[in-house]
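**Student:** Quick note on numbering: the numbering used here labels position 827 of the sequence shown as 833, and the sequence is numbered without any gaps.
By construction, the Cβ of each residue, glycine as well, lies at the ideal position given by its N, Cα and C atoms.
Given the structure is predicted, the values throughout are model-derived calculations rather than measurements.
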Amino acid sequence: MTPSTTVRSPLRLYGRDDELACLGSLLELLRQGGGGALVVAAPPGLGRTALLRAAADAHRDRGPVLYATAASTGRAVPGGGPVVPLGPSPAFGPPPAAPYPVTTPEALVRRLREPGAGGPLLVCADDAHTWDPASRSALALTAGRLGPGSRTAVLLSAADGTAFPGLPTLHLAPLDEAAASALLDRLTGGTPLGASRGADLGPVSGAAPGAAPGSAFGTVPGADPGEACGTVRSAGLGAAPGPAPEAAFGTPSGADPGAASAAAPGADGIGIDPVVRAELLREAAGNPRLLAGLTGRLTPGQLAGRTALPFPLPGGEAVLAAHAERLAGLPDRTRALLLLAAAAQEHEPDGAGADALLLLRAGARAGLPRDFLDRALLGATATEGLLQRAGSRVHFAHPLVARAVLHHAPWPHRRAAHALLATLLAETGDRASPCAPSTPSPDAPAAVPRPGPAVPLAALVQRACAAPGPDAALAARIEAAAGGPLPHAERSAALARAALLSVGPTLRAARLAAAAEQAGLAGDPSRARALLARAGPRTAGATGPGGESAQGLAPYVHGMLALRSGPAADAREALLAAAALLGPHDPRRALDALLGAAEAAWAAGDALGYLDAMNRLGRTPPEAGLEQYRAGMCAVLEGRTAEGHALLRHCLDPAGDPGAPAALLRAGAAALVLGDVAAACRAGARALAAVRTRGPDALLPQALEHLAYAELRAGRHSGARAHALEGLHAARRTGQPNSSAHLHAVLALAASVEGPAEACAAHADAALAGAGPHGLAQAATLATWARGRADLASGRPGEAAARLAPLVGTGPGRGHFAARMLAVPCWVEAAVLGGRQHEESRELHAAVDEFASWAARTADPGAPAQLARCRALLAPADEADARYAEALAHHGRAGGDFERARTHLLYGQWLRRRRRTREARGPLRDALVAFQRSSARAWADRAAGELRAAGEPVGAPRKAADGPTAALTPQQLRIARCVAEGATNREVALRLSLSPRTVDHHLRNVFAALGIRSRTELTRLLAG
7 MTPSTTVRSP LRLYGRDDEL ACLGSLLELL RQGGGGALVV AAPPGLGRTA
57 LLRAAADAHR DRGPVLYATA ASTGRAVPGG GPVVPLGPSP AFGPPPAAPY
107 PVTTPEALVR RLREPGAGGP LLVCADDAHT WDPASRSALA LTAGRLGPGS
157 RTAVLLSAAD GTAFPGLPTL HLAPLDEAAA SALLDRLTGG TPLGASRGAD
207 LGPVSGAAPG AAPGSAFGTV PGADPGEACG TVRSAGLGAA PGPAPEAAFG
257 TPSGADPGAA SAAAPGADGI GIDPVVRAEL LREAAGNPRL LAGLTGRLTP
307 GQLAGRTALP FPLPGGEAVL AAHAERLAGL PDRTRALLLL AAAAQEHEPD
357 GAGADALLLL RAGARAGLPR DFLDRALLGA TATEGLLQRA GSRVHFAHPL
407 VARAVLHHAP WPHRRAAHAL LATLLAETGD RASPCAPSTP SPDAPAAVPR
457 PGPAVPLAAL VQRACAAPGP DAALAARIEA AAGGPLPHAE RSAALARAAL
507 LSVGPTLRAA RLAAAAEQAG LAGDPSRARA LLARAGPRTA GATGPGGESA
557 QGLAPYVHGM LALRSGPAAD AREALLAAAA LLGPHDPRRA LDALLGAAEA
607 AWAAGDALGY LDAMNRLGRT PPEAGLEQYR AGMCAVLEGR TAEGHALLRH
657 CLDPAGDPGA PAALLRAGAA ALVLGDVAAA CRAGARALAA VRTRGPDALL
707 PQALEHLAYA ELRAGRHSGA RAHALEGLHA ARRTGQPNSS AHLHAVLALA
757 ASVEGPAEAC AAHADAALAG AGPHGLAQAA TLATWARGRA DLASGRPGEA
807 AARLAPLVGT GPGRGHFAAR MLAVPCWVEA AVLGGRQHEE SRELHAAVDE
857 FASWAARTAD PGAPAQLARC RALLAPADEA DARYAEALAH HGRAGGDFER
907 ARTHLLYGQW LRRRRRTREA RGPLRDALVA FQRSSARAWA DRAAGELRAA
957 GEPVGAPRKA ADGPTAALTP QQLRIARCVA EGATNREVAL RLSLSPRTVD
1007 HHLRNVFAAL GIRSRTELTR LLAG
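1) For Q38, count neighbouring Cβ atoms within 10 angstroms of its own Cβ and tell me buried if that reaches 16, exposed if not.
2) Do A950 and E760 have their beta-carbon atoms positioned less than 8 Å apart in this structure?
3) Find the nearest neighbour of A403 within the set D903, P743 and A360, judged by alpha-carbon distance.
4) Go to H177, then tell me how far its alpha helix (DSSP H) extends in each direction, as first and last residue.
5) State the start and end residues of the unbroken beta strand (DSSP E) segment that holds A465.
6) Identify whether F170 lies in helix, strand or coil by the three-state DSSP scheme.
7) Alpha carbon to alpha carbon, how far is A314 from S498?
8) Which residues does DSSP pair with G42 in a beta bridge?
9) List the whole-angstrom C-beta distance separating A74 from C130, where the pair is believed to meet the contact cut-off of C-beta under 8 Å.
10) Quick check on E845: buried or exposed, where buried means 16 or more other Cβ atoms within 10 Å of its Cβ?
11) Using C-beta distances below 6 Å, list every residue in its chain close to A82, excluding the 5 sequence neighbours before and after it, in chain order.
12) Exposed or buried, A888, counting other C-beta atoms within 10 Å across all chains shown (16 or more means buried)?
13) For A481 versus L507, is the C-beta distance shorter than 8 Å?
14) Report yes if the C-beta distance between I484 and A465 is below 8 Å; otherwise report no.
15) Please determine, among G475, G988, A328 and D132, the residue with the shortest C-alpha to C-alpha distance to G51.
16) Quick one: what's got a C-beta closer than 6 Å to L296's C-beta in the same chain, skipping five residues either side?
17) To which residues of the same chain is L383 closer than 7 Å at the C-beta, ignoring the five residues directly before and after it?
18) Could you check where the alpha helix (DSSP H) with L426 kicks off and where it finishes?
19) Within the same chain, show all residues whose beta-carbon is closer than 8 Å to that of A43, passing over the 5 residues directly before and after it, in chain order.
20) May I ask you to report which of helix, strand or coil DSSP gives F823?
21) Once DSSP output is grouped into helix, strand and coil, what is the label at F402?
22) Measure the CB-CB distance between H769 and L753 and report whether it falls below 8 Å.
23) With a CB to CB cut of under 8 Å and the five nearest residues on each side skipped, what residues in its chain are close to R826?
24) Judging by CA-CA distance, which residue of F904, D618 and D659 is the nearest neighbour of C640?
25) Can you say whether D855 is buried or exposed, counting buried as having 16 or more other CB atoms within 10 angstroms of its CB?
26) For L623 and A486, I'd like the C-alpha separation in whole angstroms.
27) What does the alpha-carbon distance come out to for the pair T136 and L176?
28) Is D771 helix, strand or coil by DSSP?
29) With which residues is R395 paired in a DSSP beta bridge?
30) Does the Cβ of G391 have 16 or more other Cβ atoms within 10 Å, making it buried, or fewer, making it exposed?
31) List in chain order: all unbroken beta strand (DSSP E) runs of 3+ residues lying wholly within the stretch 344–368.
32) Please classify D279 as buried or exposed, where buried requires at least 16 neighbouring CB atoms within 10 angstroms.
33) Could you say if the stretch 859–869 and the stretch 900–909 meet the contact criterion of at least three C-beta pairs nearer than 8 Å?
34) For L72, does the three-state DSSP call read helix, strand or coil?
35) With burial defined as no fewer than 16 other Cβ atoms inside 10 Å of the residue's Cβ, what is the status of T699: buried or exposed?
36) Kindly indicate which three-state DSSP category C28 falls into: helix, strand or coil?
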């Protein structure tokens, strides 16, 4: 493949604002006549050279610059130092070959100070860790002596900070996702040039070189040109030395090999495909040089997602070679152990490292001394810090080192290492995995019978790494073994390996789709999408082994990924199409696809779409429990409530496997539809325990969301908040933004009770931001309800009514069909307290009648009490007393502190407004205590204000300490705060159940007590 010309111009530095500021501080100190030294330490490719060049470029106009670089071999040269002579360097050009001898620190100091007579001197020594020890010691000692008045600064770059232990060190971290994404846009022409320059260093260029020149990758000396199959893990970069057979590893059929040198897609306004973007960012792991190399070797079609990505991704050879330079000078036994450690990671999930016991046995079998193995695996000194022990696992200090070890080891050595590991794993029958075996998802297909003798999956994967080329029999054995009770991440890695060994493109695509499915279940959607991208375009007429699976499985995985991270309508359509393709030959996955389509329709508030998916499910009757759930949900949505409830009650205790997470989640959903919140909490807790115990990881956010929502309905707000926060972290970790939106909505509802109002607003805004683009009507309804309830808590009924009216109405803004009724009591309260009772009387009574119909159908114990409260708010004065008494009686039977406290508060307000002040104190006191017990701080403040207005001292309200407002009475302080928020006298009167004349009287007294004359002054005073 010919290198692409995507990267044409010098790049600015991305994501290095803090580092540039640090260099700027050193340069500023130098300009003021001081001096000092700094080591910029980072593995290859992270931009340490670019930072040195940026500093040199910024200082060039203010004084001389000496720039030195090391030998290209990276070997320490005895008695030698830098290759570039220490002299003024007006430009960065090719270095001369003659080294400048470094003798003593004093001589170096004199040489450093000679050009500095005309101005402050900056010395940049790149890759100084490769100098011989004597030169490094002299340089470190000299640089350490620089200080005030020296007018000299030394910048050193090194692979790590150990080469210069006495000097200040700036460690470079990989770029964060935002910076790496911005760099990728620049590399592909996706966005206009423009990156932060950080400190005052002037224009910065040379952030990262492009792809390595020359061919993609040649044959490493000593490798077998005919044997280069599958030695780098499925997520690896570069390629095994030697040509790989095109049928297995070359550009997939349909790729555009002739377009490699064309312009990037962004140059034509096409843009980079999101899946390709995610895979490039994942593979580069924040390494800018590696990202540039990988991007520069992809064709426009591959970048745009029109053709499949090559595997392994080319373009990382230069970075791997830089990492491998350090390995060349290591002792033979150290390199042998590093090769075993890198090979032992191939059958493990990404980031798991290698099993220390397996490495110990492999090293002993390979003839390595036991004392060396103990020192290497228990301490880092024997491997110069390249290996690190963490419990029973051994990790490389940097993942690229492991790839470099595999990439640059001679092929026969690598094949022998894999064969040795396969033998050891087969002898013990152990997977050598960091995770305990987990039961596969109940919705996963049954395992295929294993042909041949039972060999552990880990041993089969090691055999695959040692295979010289495609091997259909070995691929089939790996695929069969991957169907067993293994963690989903291991199954995904094994199936991807089986795809590499597959002969036909159709079977390879089917196995890649299966690997993507397992990656999605493991909670790694980006890897799942990358595997699907490697499968290439889907064709309707795929034939050959696995053709039907490839046709239906890839759309199924796409749909399931969209269900958690894309528009709900798109997910529904994709899953319906997948179900039609899978139905004839894979009924289990077809059923799952229809359930997923129904879930997407429910999230979107599409009742007809939900019924359509569930009715399709009934054409192939599932097991009894699922059929009862399907028929019950359909009956409820079609208005046959009694019939539906009778069916759903059979689902509350699912038959069959009592620990199946999917069945338990359906039981919880059935309980919520019935209104049996206690049963919903029990089912949610059992589902969460099942997911924690058995997986899959991708189901954890949903399990936590279901339990948190059930706890909200039951009035357990603190428990709901704790579970929703955990679910939010799980959703972010597993890449599920739709679940994040739902969980933000749950957190907003919890914060509308417990406060603070700012937290409720933040969570609600986050939920709406995710719900809007993806059409998540349920999350949007719950978030809007939460904002309205928080407005009520803060004494803003007008705003609450304006938010909630569209939800409970019949217009375009109508809320989710399963959640809108829950907001009716809040809307009725807001409308009445906001003075809109008369102008919206018809809408209010219609909403209460609909709520009454819903309350008669649900088993929710709190519904009758809320209905009676709504009727009390709308009742004439001679009936309201009885309605409030009825509501409180229902609360006594149903339990639940928060809702009972709200009824007490409204009843107390009503009594005080009727001038029955003494009678009002009892309900208001009960409300205050119940709100405090529920940790509902804002609601407690509101109840305390009402109680003080009723003449009972409660204690100083919050924020009324020894400030200028201490002279105000409680009622005056409440009025002042309302006015400071921008309310008019009439709005304050409605909010506090006073007359406008009373508000005006109190406000005049407030102005006099505070010595102010305007509302603006009052706002400033209370804000300060």
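**Tutor:** Result, derived from the coordinates:
1) Position 32 of the sequence shown, counting from 1, holds the residue named residue 38. The residue in question, Q38, is exposed, as its Cβ has fewer than 16 Cβ neighbours within 10 Å.
2) Taking the sequence shown and counting its residues from 1, the one referred to as residue 760 is at position 754. Taking the sequence shown and counting its residues from 1, the one referred to as residue 950 is at position 944. Not closer than 8 Å, so no.
3) The count along the sequence shown starts at 1 and reaches residue 403 at position 397. Selected option, being the one with the closest Cα: A360.
4) Translated into positions along the sequence shown, residue 177 becomes position 171. Looking at the DSSP string, H177 is not in any alpha helix (DSSP H); the run it does join, the beta strand (DSSP E), is T175 to H177.
5) Against the sequence shown, residue 465 aligns to sequence position 459. Per DSSP, A465 belongs to no beta strand (DSSP E); it is in the alpha helix (DSSP H), L463 to C471.
6) The sequence position of residue 170 within the sequence shown is 164, counting from 1. F170 falls in the coil class under three-state DSSP.
7) Counting from one through the sequence shown, the residue named residue 314 turns up at place 308. Counting from one through the sequence shown, the residue named residue 498 turns up at place 492. Distance between the alpha carbons of A314 and S498 is about 19 Å.
8) Position 36 of the sequence shown, counted from the first residue, corresponds to residue 42. Partner(s): A159.
9) Locating residue 74 in the sequence shown gives position 68, counting from the first residue. Locating residue 130 in the sequence shown gives position 124, counting from the first residue. Indeed they touch by this definition, with Cβ atoms about 7 Å apart.
10) Numbered from 1 along the sequence shown, position 839 holds the residue referred to as residue 845. Exposed.
11) In the sequence shown, the residue the question calls residue 82 occupies position 76. Residue confidence is low: A82 scores 39 on pLDDT, short of 50, so the model does not pin down where it sits. No coordinate-derived value is stated.
12) Within the sequence shown, residue 888 is the residue found at index 882, counting from 1. By the neighbour-count criterion, in which a residue is buried when 16 or more other Cβ atoms sit within 10 angstroms of its Cβ, A888 is exposed.
13) Within the sequence shown, numbered from 1, the residue matching residue 481 stands at position 475. Within the sequence shown, numbered from 1, the residue matching residue 507 stands at position 501. When the beta-carbon positions are compared, A481 and L507 come within less than 8 Å of each other.
14) In the sequence shown, residue 484 corresponds to position 478, counting from 1. In the sequence shown, residue 465 corresponds to position 459, counting from 1. Their beta carbons are not under 8 Å apart, which means I484 does not touch A465 by this criterion.
15) Translated into positions along the sequence shown, residue 51 becomes position 45. The residue with the shortest Cα to Cα distance from G51 is A328.
16) The residue you call residue 296 lines up with position 290 of the sequence shown. Once the five neighbours on either side are set aside, the close Cβ partners of L296 are G51, A290, G322 and V325.
17) Here the question's residue 383 lines up with position 377 in the sequence shown. Excluding sequence neighbours, L383 sits near A362, L365, L366, R395 and V400.
18) On the sequence shown, residue 426 is found 420 positions in, with the first residue counted as 1. L426: member of the alpha helix (DSSP H) spanning W417 to T434, first to last residue.
19) Mapped onto the sequence shown, residue 43 falls at position 37. A149, G150, L152, A159, V160, L161, L162, L173 and P174, listed in sequence order.
20) Looking up residue 823 in the sequence shown gives position 817. In this structure, F823 counts as coil in the three-state DSSP scheme.
21) Taking the first residue of the sequence shown as 1, we reach residue 402 at position 396. Correct three-state label for F402: strand.
22) Within the sequence shown, the letter at position 763 stands for residue 769. Within the sequence shown, the letter at position 747 stands for residue 753. When the beta-carbon positions are compared, H769 and L753 come within less than 8 Å of each other.
23) Counted from its first residue, the sequence shown places residue 826 at position 820. Counting only Cβ-Cβ distances below 8 Å, and skipping sequence neighbours, we find T787, L813, V814 and R820.
24) The residue given as residue 640 occupies position 634 in the sequence shown. Considering only alpha carbons, the answer is D618.
25) One-based indexing of the sequence shown puts residue 855 at position 849. With fewer than 16 other Cβ atoms within 10 Å, it is exposed.
26) In the sequence shown, counting from the first residue as 1, residue 623 sits at position 617. In the sequence shown, counting from the first residue as 1, residue 486 sits at position 480. Roughly 29 Å separates the two Cα atoms.
27) Within the sequence shown, residue 136 is the residue found at index 130, counting from 1. Within the sequence shown, residue 176 is the residue found at index 170, counting from 1. Between the C-alpha atoms of T136 and L176 there is a straight-line separation of about 18 Å.
28) To locate residue 771, count along the sequence shown from 1; it is residue 765. In the three-state DSSP reduction, D771 falls in the helix class (H, G or I).
29) In the sequence shown, counting from the first residue as 1, residue 395 sits at position 389. Looking at the DSSP assignment, R395 forms a beta bridge with V400.
30) Residue numbering aside, residue 391 sits at position 385 when the sequence shown is read from its first letter. So G391 counts as exposed.
31) Taking only runs of at least 3 residues, no beta strand (DSSP E) segment lies wholly in the stretch 344–368.
32) Counting from one through the sequence shown, the residue named residue 279 turns up at place 273. In this structure D279 is buried. Its beta-carbon is surrounded by 16 or more other beta-carbon atoms within 10 angstroms.
33) With the cut-off at 8 Å, the stretch 859–869 and the stretch 900–909 touch.
34) Sequence index remark: in the sequence shown, residue 72 carries index 66 (1-based). It is a strand residue.
35) On the sequence shown, residue 699 is found 693 positions in, with the first residue counted as 1. Exposed, since its Cβ has fewer than 16 Cβ neighbours within 10 Å.
36) In the sequence shown, counting from the first residue as 1, residue 28 sits at position 22. Of the three classes helix, strand and coil, the one that applies to C28 here is helix, per DSSP.
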